[in-house]
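Remarks on the structure that follows.
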Amino acid sequence: MSTPPSPAPVSAANDVMPEPTPVQWADIVQQLGAEIAGPLSAALEQIQNLATTGQIDRRGLRLLRRSVDDARTAGMLGQQLARLASGRLRLNRERQHLTQMLRNVLAQRSRETQARGVQVRQSLKPVEIWADGALLFALLNALMDWALANTHSSVDLRLDLTPWPVKARLSCRFAHRSLDLLSDEGPAQEPPSALDSLAWRLLEQTAITLGVLPLREQEAGITLLTLEFNQLAPDEAPPPDSTHAKLEAEAERMGGNSRPLAGCQVLILAAQRELRAEAQAALRHMGMLVDTVASVAEAEQFCHDGLPHVLLFDAALRDDALLQMVAGIAQDAPDFAFVEMFDGEHRTQLSTATADGVARISRRHLADALPQLLMFELSKRH
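With our numbering, letter number 171 in the sequence shown gets 212, and the count goes up by one each step, no holes.
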């Protein structure tokens, strides 16, 4: 992909308020309804056509699936925005290696960027900050969601420090119009409405909740978003907590946060419908996006264009094909979370306690232990 030219200095496109007003939240709710209703109306049209003709071609099937996926994505974004608006978040500020976390996010999404034909250019200096790990991870994923949905070029990411006052500055630059259509002549055009989608709303509100200033600029078809992090980590930091303390901290956060893993995606791989249902039920209150497949081949197809955050799989399906898929995912995303489910008695094991880095849990403990296990596995990787 071509590289977007550097935008000329312009005034900020938005001066962000510390918190959205009730009127602004009402606008977000209205936008949520529109972004759900639009795709569902398109899906209904395809279904009505199917009912009338009794058949649907591949193009119609693709359109139907895309419409359902778009509505589902909008619903997921609505869940995440509702969590931010709930006022029940407890931020657990810890030392975070921002550079490494960003690299982990890019590695996990490498299949998606390759499938979209988007090149992500990186210029990242080592930076550590104080922040809530789960929310910071959500912010970086929201940034990629928004950029990948709108770019017509490469996505250029730059992480550095400002001279004074010293702040961490993450910038994301891309062309929101095709570079072939960009011209310096003629009147300035308004940016496309997709830049102000729910994905942007989530990115903006997540940043504000973290205490990060999102500054967005548009000029001649180029978008530049800058995120400024004020709380840099000092050279000296307290020693890390023990695993026991971390588990207790995650349990406390689960109790205090509304839908603590909202927006994270888990893929459940199990041939038995009952097991898939039990795992889904255990995660229902977590606000996660849950998908299920019944075979390794279906799981491979699902992961081809983009990885979930967690693969939860039945130990009965462990064979060479599954191990090969796990190895391939681990190579693309070294910090990916794997959880293996066993029938019968089996003690719950964190990935840090197993030789292969796969967490394990008994089927009978899914309801009471799986949410806390996933909280630890995901926060550990953040």
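By construction, the Cβ of each residue, glycine as well, lies at the ideal position given by its N, Cα and C atoms.
Only exposed fits Ala156, as fewer than 16 other CB atoms lie within 10 angstroms of its CB. Membership of Pro255 in the beta strand (DSSP E) is indicated by the continuous run 254–260.
In the three-state reduction of the DSSP assignment, Arg325 falls in the helix class, which pools H, G and I. Under a 10 Å Cβ-count criterion, Pro412 is classified as buried, with 16 or more other Cβ atoms of the shown protein chains found around its own Cβ.
Using a Cβ-Cβ distance cut-off of 8 Å, the stretch 122–134 and the stretch 148–164 are not in contact, since fewer than three pairs of beta carbons, one from each stretch, lie closer than that value. Contact check for Leu236 against Thr267 fails: the beta carbons are separated by 9 Å or more. Restricted to the stretch 345–399, the beta strand (DSSP E) segments that are unbroken, complete and at least 3 residues in length are 351–355, 378–383, listed in chain order. Under DSSP, Ser212 takes part in a beta bridge, and its partners are Arg199, Thr267. Taking every protein chain shown into account, the CB of Ser420 has 16 or more other CB atoms within 10 angstroms, so this residue is buried. Minimum Cα-Cα distance from Leu243 among the listed residues Thr389, Ala172, Met185 corresponds to Met185. Per the coordinates, the alpha-carbon of Leu391 lies some 11 Å from the alpha-carbon of Asp397.
Burial check for Thr62: the Cβ neighbour count within 10 Å stays below 16, so the residue is exposed. In terms of Cβ geometry, Ala83 and Leu239 do not form a close pair [threshold 9 Å]. Under the DSSP assignment, Trp171 falls in the beta strand (DSSP E) whose first and last residues are 169–173.
Taking the CA atoms as reference points, Trp241 sits about 39 Å from Arg404. Asp346 and Leu102 have their C-alpha atoms roughly 18 Å apart. Sixteen is the threshold: when 16 or more other Cβ atoms of the shown chains lie within 10 Å of the Cβ of Leu118, as they do, the residue is buried. Taking the Cα positions, Asp98 is about 12 Å away from Arg106. DSSP places Ile309 in the uninterrupted beta strand (DSSP E) bounded by 306–310.
At a Cβ-Cβ threshold of 9 Å, Asp173 and Leu251 count as neighbours. The beta carbon of Gln137 sits closer than 8 Å to those of Glu169, Ile170, Trp171, Ala172, Gly174, Leu177, Ala274, His423, all from its chain and outside the five residues before and after it, given in chain order.
Distances from the CA of Leu348 to each of Ser151, Ala410, Arg317 were compared; the closest alpha carbon is that of Ser151. Distance between Gln121 and Gln65, taken at the CA atoms: about 16 Å. Taking Asp111 as the centre and dropping the five residues before and after it, the same chain places the C-beta of Pro80 closer than 7 Å to its C-beta, in chain order. Uninterrupted alpha helix (DSSP H) stretches at least 4 residues long and entirely within the stretch 82–142 occur at 99–126, given in chain order. Look at Gln342 here: in three-state DSSP terms it is helix. According to DSSP, Thr154 shares a beta bridge with no other residue. Assignment of Thr192 by DSSP, reduced to helix, strand and coil, places it in the coil class. Distance from the CA atom of Ala323 to the CA atom of Ala408, rounded to whole angstroms, is 5 Å. The DSSP-derived three-state label of Thr62 is coil.
Distance from the CA atom of Arg113 to the CA atom of Gly74, rounded to whole angstroms, is 12 Å.
The beta carbon of Ile370 sits closer than 6 Å to the beta carbons of Phe377 from its chain, once the five residues preceding and following it are set aside; these are given in chain order. Between Leu143 and Thr154, the CB-CB gap reaches or exceeds 9 Å.
Annotation for Met366: Val337, Ala340, Glu341 place their beta carbon closer than 7 Å to its own, counting only its chain and skipping 5 residues before and after.
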